[in-house]
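Read through the structure below, which is laid out as structure tokens, and then see the notes.
Right, dumping it as structure tokens:
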């Protein structure tokens, strides 16, 4: 009885550690079975006989089975036309285990790196949050840095955030060459009247030439407000007028046409005082004969909780710039910087003390950031 080879059994290892495949050949005699193996593999010197037996089938014919151990590489080549490297020493289970182990190590390294990066990012974010910078602004700066070398170095990351603050806050240059009206608005108690007196003295006496300055008072609400500004005007020998109605304001501004700078003091307003807001808007909307700038006076001591209300209400007045008062009353400038970062208003002047006119400076990013950086370093 002729028969083809009966295929593979199980893999085994020979003495050299090479992977072997047991293959069974069936024929009428052991010789014929051996000849089948020889026909398939040619040189049988690489094959090892594992077992040989003879038996009779149900019809009484002789059945011979010879089992050969065949090198796996040779078996794959002759059976399927595939080559297997002769230096392969791992079985499939070992190879898979190696791959899993390698992947696990890579994941653990990535997790460790991510944990360290997250720790640095959270620490730096917490520092600036504590100093008054809003989380949404910090996220916009820090999130793009995830996965970069900056996110792994605390010192570099702090420096980067400070540079971003420097880039994003703006300063309005002092421009006095063209005649104009400057109106100051702001919450109650921020020091508008004193700031106006400082501006008047600066324009009249401290610049490249003496400018002709007039003061206009719209504050008829605060007791003594008119008298206080009039007192400053008398000392500096500057024109001073008081106006109570929008139509009179237009007339008065026209009457002061020969003056280089007209400074307008308004009533201090609570963010919730609708009546004063409406009246101030009427003054601002007056069709005057010259350009008018609106400067919001904001105290350096502004509270984070009040910041949004101040902007929401005074933004209806379309302020052109911010004058920062009460610089001398705090060492913490984070909330003030946060206001500038979130709402994008430029700064025009800093009021840094009570002395008129000395304690008024043109706004400077360097001046503000030096104080903020000192506060950050203390943190």
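In this note's numbering, the protein residues as written are 66 to 444. Cβ atoms here follow ideal geometry from the backbone N, Cα and C, with glycine treated the same way.
Take residue 188 and list the residues in its own chain whose beta-carbon comes closer than 8 Å to its own, dropping the five residues that flank it on each side. Only residues of its own chain outside the window of five on either side were considered, and among them 219 have a CB closer than 8 Å to the CB of residue 188, listed in chain order.
Do you know offhand how far residue 356's Cα is from residue 322's? Per the coordinates, the alpha-carbon of residue 356 lies some 11 Å from the alpha-carbon of residue 322.
What would DSSP say about residue 190, mapped onto helix, strand or coil? Shown here, residue 190 sits in a helix according to DSSP, grouped into three states.
Beta-bridge pairing of residue 330 - partner residues as DSSP gives them: 249, 282, per the DSSP bridge assignment.
Do residue 330 and residue 283 have their CB atoms nearer than 8 Å? Against a cut-off of 8 Å, the Cβ pair of residue 283 and residue 330 comes out as a contact.
Where residue 425 falls: helix, strand or coil (DSSP): The answer is strand: DSSP assigns residue 425 an E or B state.
What's the gap between the Cα of residue 224 and the Cα of residue 399? Those two C-alpha atoms are separated by around 15 Å.
For residue 211, tell me which candidate among 222, 199, 435 has the shortest Cα-Cα distance. When 222, 199, 435 are compared, the shortest CA-CA separation from residue 211 is found for 222.
Hey, could you find the ends of the beta strand (DSSP E) residue 380 is sitting in? Under the DSSP assignment, residue 380 falls outside any beta strand (DSSP E); it carries neither an H nor an E label.
In the DSSP assignment, the beta strand (DSSP E) including residue 314 goes from what residue to what residue? Residue 314: not part of any beta strand (DSSP E); member of the alpha helix (DSSP H) spanning 311 to 320, first to last residue.
Cβ neighbour criterion (16 or more within 10 Å) applied to residue 310: It is exposed - the Cβ of residue 310 has fewer than 16 other Cβ atoms within 10 Å.
Using 10 angstroms around the beta-carbon of residue 445, count the other beta-carbons present and answer buried if the total reaches 16, otherwise exposed. Missing from the structure shown is residue 445; the chain here goes from 66 to 444 and no further.
Evaluate residue 391 with the Cβ neighbour count: other Cβ atoms within 10 Å of its Cβ, from every protein chain shown; 16 or more gives buried, anything less gives exposed. The residue in question, residue 391, is buried, as its Cβ has 16 or more Cβ neighbours within 10 Å.
Using a Cβ distance threshold of 8 Å, determine whether the segment 357 to 372 contacts the segment 244 to 264, with at least three qualifying pairs required. Three or more beta-carbon pairs drawn from the segment 357 to 372 and the segment 244 to 264 are found closer than 8 Å, and the two stretches are therefore classed as touching.
Please classify residue 263 as buried or exposed, where buried requires at least 16 other C-beta atoms within 10 Å of its C-beta. By the neighbour-count rule (16 or more Cβ atoms within 10 Å), residue 263 is buried.
Give the DSSP-derived three-state secondary structure of residue 304 in the structure shown. Note: residue 304 maps to strand in three-state DSSP.
Endpoints, the beta strand (DSSP E) within which residue 114 is located: Residue 114 -> beta strand (DSSP E) spans 113 to 121.
Under 8 Å by Cβ, that's how I've got residue 361 and residue 251 pegged, so tell me the actual separation to the nearest angstrom. So it is a contact: roughly 6 Å between Cβ atoms.
Where does residue 357 sit, in a helix, a strand or coil, going by DSSP? Of the three classes helix, strand and coil, the one that applies to residue 357 here is strand, per DSSP.
Within 10 angstroms of the Cβ of residue 414, are there 16 or more other Cβ atoms? Answer buried if so, exposed if not. Buried: at least 16 other Cβ atoms inside 10 Å.
Let me know if residue 258 comes out buried or exposed under the rule of 16 or more other beta-carbons within 10 Å of its beta-carbon. Buried, since its Cβ has 16 or more Cβ neighbours within 10 Å.
Looking at the strands, I want to know which residues DSSP matches up with residue 363. Residue pairing by DSSP puts residue 363 in a beta bridge opposite 389.
Going along the chain, which residues of its own chain have a beta-carbon closer than 7 Å to the beta-carbon of residue 216, five neighbours each way excluded? Only 182, 185, 186, 210, 222 meet the Cβ criterion.
DSSP three-state assignment for residue 404, whether helix, strand or coil: Secondary structure of residue 404 (DSSP, three-state): helix.
So, under 8 Å CB-CB, residue 133 and residue 88 are touching, yes? Tell me the CB distance rounded to an integer number of Å. 5 Å between Cβ atoms; contact.
Nearest candidate by alpha-carbon position, reference residue 241, set 201, 372, 269: When each option's Cα is compared against that of residue 241, the closest is 269.
Measure the Cβ-Cβ separation of residue 130 and residue 143 and say whether it is below 8 Å. The answer is no: Cβ separation not under 8 Å.
Taking just the CA atoms, how far does residue 295 sit from residue 302? Approximately 10 Å between the Cα atoms of the pair.
Report all residues from its chain with a CB closer than 7 Å to the CB of residue 205; omit the five preceding and five following residues, and keep chain order. Contacts found: none.
Taking C-alpha atoms, which residue in 116, 236, 110, 107 lies nearest to residue 432? Comparing alpha-carbon positions, the option among 116, 236, 110, 107 lying closest to residue 432 turns out to be 236.
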